[in-house]
Amino acid sequence: MSAKRRHLTIAAESSTVDAWRADLVRDAKNEHRAVFVNILAIVRHDPEIKGSLQYNSLLGQVEIVRRLPGVIDTGLGPIKDVHVHGLVAWLGERYGLHAKPGQVSDAITLAAQENVFDPARAYMESLAWDGVERVQFYAERYLGAEPSAYNRRVSTIIFVSVAARVFQPGCKVDTMVILEGAQGCGKTTAVRHLLNPDWFVEVTESFDSPEVVRQVRGAHVGEIGEMSSLSRSEFNRTKQFITQQIDRVREPYARFVASYPRRCVFFGTTNQDDWNRDPTGARRFLPIRVSAFNMQAFLGDRDQLWAEAVALYRDGADFWTLPETATDEQDARYDHDAWSDPIAAWLAVKADGKYYPPSVETRATDLGGGVRRASAAEILQHALNVAIGKQSKADQMRVANIMRKLEWQRERTWCNGARTVKYCRPREDGDDVPF
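Using the working numbering, the first residue of the sequence shown is number 6, and each one after it goes up by one.
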């Protein structure tokens, strides 16, 4: 290329690069005006700023990836007020603009959106699996759980569901693994270090508070601690919360409600083995009994565990099919009500000396005997000796949960000319009609 042509090419490129400067809005004195379009153009195109900003889509924050002008190097990472004020001063010195901090902050936020970065996705895409299977052995190798088909299936569910939420935020994850073990065995540490600890959150806010959305945003792994301390209503709210796919909240000073596809997969931890408050079986919860977290071994294999998880996810491995023995594991954790045994004995007509009034229907002996239908009030009075006048709504709800656990069905019926609710024995083989 001749010297003349090279000069023309460089001039053309320079003209293209600096074309944005010619578009800056000026006033009657030909000075740059401190309007938003000017500030945004400078933040987007000035060589000293261009390429310095990115938007972290996981944490929902603007980050500095290269030193900004006007600020003594304060390091990289989340944007701070000092960076904004430094740019305000720099814009005044370089362009003669008397910009406001709010204008500069808005320009930074908008410009950063052109360089979106997801650190968790970038991490997983950087991994190469060596072909050695480790994921299904996670619980037994690193948590000290018993080797079993159940624990291996739950281990696979853990890794594939988290990988799915990295690549498909908001995808449906209906289950929560519960780590059970003695205090100090490393349950919380295991959850915290499952991925980068920066992507972990300990859920402390109420599930009914908008603050919980802000708390879990920016996390891929969340811990709901001490499941055994939850009341029945809190337990039910937990079930509702963990299955949400979209989190909605109005951010402070924002004009609109923001919707965030759920990235976080939740884990419960407890020292107890009777945390289940759900008489219907708690099918969303998958317990694993752990003994000790081997952190050194896990951290040594963590990259390969996630590399395998990504391979499984991309091969279409499912994370929604529960282990065959999940129901047995869940039922074993049910918080047994002290009223259950006397009620079961009374229903089977095995409670010595107990009274069965005419209003309580019983089955014929050749059908196995036992109560056929009974109301909550009758059960309280005759199985538990709670007089009619002393029965509370809480007592009736407690009986209802026990009857639900026993799989008796609620049925509206007439008794002595009044509409009432009775519990009916489940139908068994040999019954002529459904009860």
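The beta-carbon is built from N, C-alpha and C at its ideal position, and this holds for glycine as well. What you are looking at is a predicted structure, and each value in this text was computed from that prediction instead of being measured.
What's the call for S110, buried or exposed, on a 16-neighbour Cβ count within 10 Å? Burial call: buried.
Start and end of the beta strand (DSSP E) containing L58? Unbroken beta strand (DSSP E) run through L58: L58 to N61.
Quick check: the stretch 244-256 against the stretch 149-157, are at least 3 beta-carbon pairs closer than 8 angstroms? Judged by pairs of C-beta atoms under 8 angstroms, the stretch 149-157 does not touch the stretch 244-256, as fewer than three such pairs exist.
Drop a sphere of 10 angstroms on the beta-carbon of L304, count the other beta-carbons inside from all chains shown, and report buried for 16 or more, exposed for fewer. Exposed, since its Cβ has fewer than 16 Cβ neighbours within 10 Å.
When burial is assigned at 16 or more other CB atoms within 10 Å of the CB, is T332 buried or exposed? Within 10 angstroms of the beta-carbon of T332 lie fewer than 16 other beta-carbons, which makes it exposed.
Just to confirm my understanding: we take A369, look at its own chain, exclude 5 residues before and 5 after, and list those with CB closer than 6 angstroms. What are they? Confidence in A369 is poor, its pLDDT being 47 and thus under 50, which makes the residue's placement unreliable; the coordinate value appears in the next sentence. Apart from sequence neighbours up to five positions away, no residue of its chain approaches A369 with a beta-carbon distance below 6 angstroms.
For the stretch 98-107 against the stretch 31-48, do three or more pairs of beta-carbon atoms, one drawn from each stretch, fall closer than 8 angstroms, so that the two count as touching? Three or more pairs of CB atoms, one per stretch, sit closer than 8 angstroms, so the stretch 98-107 contacts the stretch 31-48.
Mapping the DSSP letters down to three states, classify Y128 as helix, strand or coil. The answer is helix: DSSP assigns Y128 an H, G or I state.
Identity of the residue in D135, V70, I162 and W413 nearest E5 by Cα: What is shown of the chain runs 6 to 440, which leaves residue 5 out entirely.
Enumerate, from N- to C-terminal direction, the unbroken beta strand (DSSP E) stretches of 3 or more residues contained entirely within the stretch 136-189. With a minimum length of 3 residues, the continuous beta strand (DSSP E) runs that stay inside the stretch 136-189 are 181-185.
Going by other Cβ atoms of all chains shown within 10 Å of its Cβ, with 16 needed for buried, is G107 buried or exposed? Exposed, since its Cβ has fewer than 16 Cβ neighbours within 10 Å.
If I measure Cβ to Cβ from K177 and keep anything under 7 angstroms in the same chain, skipping five residues before and after, which residues do I get? In chain order, Q250 place their CB closer than 7 angstroms to the CB of K177, counting only its own chain and leaving out the 5 sequence neighbours on each side.
On the CB-based measure, 16 or more other CB atoms within 10 Å of its CB, does K192 come out buried or exposed? It counts as buried.
Bridge partners for Y265 per DSSP, in chain order? Answer is D252, bridged to Y265.
Helix, strand or coil, according to DSSP, for T209 in the structure here? In the structure shown, T209 sits in coil (DSSP, three-state: anything other than H, G, I, E or B).
Hey, would you say P328 sits closer than 8 angstroms to I183, going by beta carbons? No.
Which value, in whole angstroms, describes the spacing of the CA atoms of F298 and N276? Cα to Cα, the separation comes out at about 14 angstroms.
Under 8 angstroms by Cβ, that's how I've got V48 and A112 pegged, so tell me the actual separation to the nearest angstrom. Contact holds; Cβ gap of about 5 angstroms.
Cβ-based burial, R424 [other Cβ within 10 Å; buried from 16]: Counting Cβ neighbours within 10 Å, R424 comes out exposed, since fewer than 16 surround it.
Check whether G82 and E68 have beta carbons under 8 angstroms apart: Using a Cβ distance threshold of 8 angstroms, G82 and E68 count as a contacting pair.
For T243, which of helix, strand or coil comes out of DSSP? Here T243 carries a helix assignment [DSSP, helix/strand/coil].
With three or more C-beta pairs closer than 8 angstroms as the rule, is the stretch 253-263 touching the stretch 211-224? Output reads yes: the stretch 253-263 touches the stretch 211-224.
Can we say the stretch 134-149 touches the stretch 310-324, given the rule of at least three CB pairs closer than 8 angstroms? Flag = yes, the stretch 134-149 and the stretch 310-324 touch.
Between the CA atoms of L235 and R170 - distance to the nearest angstrom: Taking the straight line from one Cα to the other gives about 27 angstroms.
Under 8 angstroms, do G186 and V270 count as touching if we go by C-beta distance? No; because the gap between Cβ atoms is not below 8 angstroms, this pair is not in contact.
Out of curiosity, what's the CA-to-CA distance linking Q59 and V40? The alpha-carbon atoms of Q59 and V40 are separated by roughly 23 angstroms.
Taking the Cβ atom as the reference point for each residue, do D123 and S62 lie within a distance shorter than 8 angstroms? Yes.
Please go through the same chain and pick out, in chain order, the residues whose beta-carbon is closer than 8 angstroms to the beta-carbon of A399, but skip the five residues on each side of it. Nothing meets the Cβ criterion.
Helix, strand or coil for Y258? Go by DSSP, reduced to three states. The answer is coil: DSSP assigns Y258 none of H, G, I, E or B.
For L427, which beta-bridge partners are listed by DSSP? As written in the sequence, residue 427 is Lys, which differs from the Leu given in the question. Answer is E416.
When DSSP builds the beta bridges, which residues end up paired with H2? The question about residue 2 has no answer, for the chain in this structure spans 6 to 440.
Take the Cβ of W413 as the centre, count every other Cβ of all protein chains shown within 10 Å, and call the residue buried at 16 or more, exposed below. So W413 ends up on the buried side.
On a CA-only basis, which of M181, F212, G227 and N120 is nearest P202? Give me that one, please. Closest option to P202, judged by alpha-carbon separation, among M181, F212, G227 and N120: G227.
Could you tell me which of F272, R260, T274 and D252 sits nearest to P266, measuring between CA atoms? Of the listed residues, the one whose Cα sits closest to P266 is D252.
Any beta carbon from chain C within less than 8 angstroms of I163's own beta carbon? Of the protein chains in the structure, only one exists, and it is not chain C.
Close beta carbons around V376, own chain, < 8 angstroms, minus the five adjacent residues each side: Here V376 has W351, L352, A353, V354, Y361, V365, E366, T367, R368 and R430 as same chain residues with Cβ atoms under 8 angstroms from its own Cβ, once five neighbours each way along the sequence are excluded.
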